[in-house]
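In case it helps, the numbering used here puts the sequence shown at residues 81 to 175.
Ideal placement from N, C-alpha and C gives every residue a C-beta, glycine not left out.
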Amino acid sequence: MDCNLDKHTKSTASEPKSKERKYFSSETISVTWSKQGGRCNNDACQKRIGTVNGKNIGFDYDHIDGDPSNNHPSNCQALCLDCHRQKTNREKRQK
Numbered sequence: 081m082d083c084n085l086d087k088h089t090k091s092t093a094s095e096p097k098s099k100e101r102k103y104f105s106s107e108t109i110s111v112t113w114s115k116q117g118g119r120c121n122n123d124a125c126q127k128r129i130g131t132v133n134g135k136n137i138g139f140d141y142d143h144i145d146g147d148p149s150n151n152h153p154s155n156c157q158a159l160c161l162d163c164h165r166q167k168t169n170r171e172k173r174q175k
């Protein structure tokens, strides 16, 4: 499946990125989860995602702008593994 993630990726070509990865707070994760209703945030995908015993099953929380140090709630989305992989690969090609 080719996930169309154009509106779920912010262009950061001219912005310097921090190498320091920071993880989303439990509050940000909770808000993101509630907002997305247990589905991949890619409108073209919308796969069901979930947790088992507190572990993510079939999805990752993603930094929309690609900056792993920007943990603002508006920069958090849950993507299924396929969509997250495609988004990450596209961002690497754009560098």
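Hey, how far is the Cα of residue i from the Cα of residue j?
| i | j | result |
| --- | --- | --- |
| residue 168 | residue 174 | 10 Å |
| residue 123 | residue 166 | 14 Å |
| residue 163 | residue 131 | 18 Å |
| residue 100 | residue 133 | 28 Å |
| residue 129 | residue 105 | 19 Å |
| residue 113 | residue 140 | 11 Å |
With residue i as the anchor, note down where its beta strand (DSSP E) starts and where it stops.
| i | result |
| --- | --- |
| residue 160 | 156 to 160 |
| residue 137 | 135 to 137 |
| residue 118 | Premise fails: residue 118 is in no beta strand (DSSP E) and is neither H nor E. |
| residue 130 | 130 to 132 |
Check each candidate in the options and name the one with the smallest Cα separation from residue i.
| i | options | result |
| --- | --- | --- |
| residue 158 | 110, 150, 133, 172 | 110 |
| residue 146 | 171, 114, 125 | 171 |
| residue 160 | 102, 103, 119, 115 | 119 |
Who does residue i pair with in a DSSP beta bridge?
| i | result |
| --- | --- |
| residue 143 | 156 |
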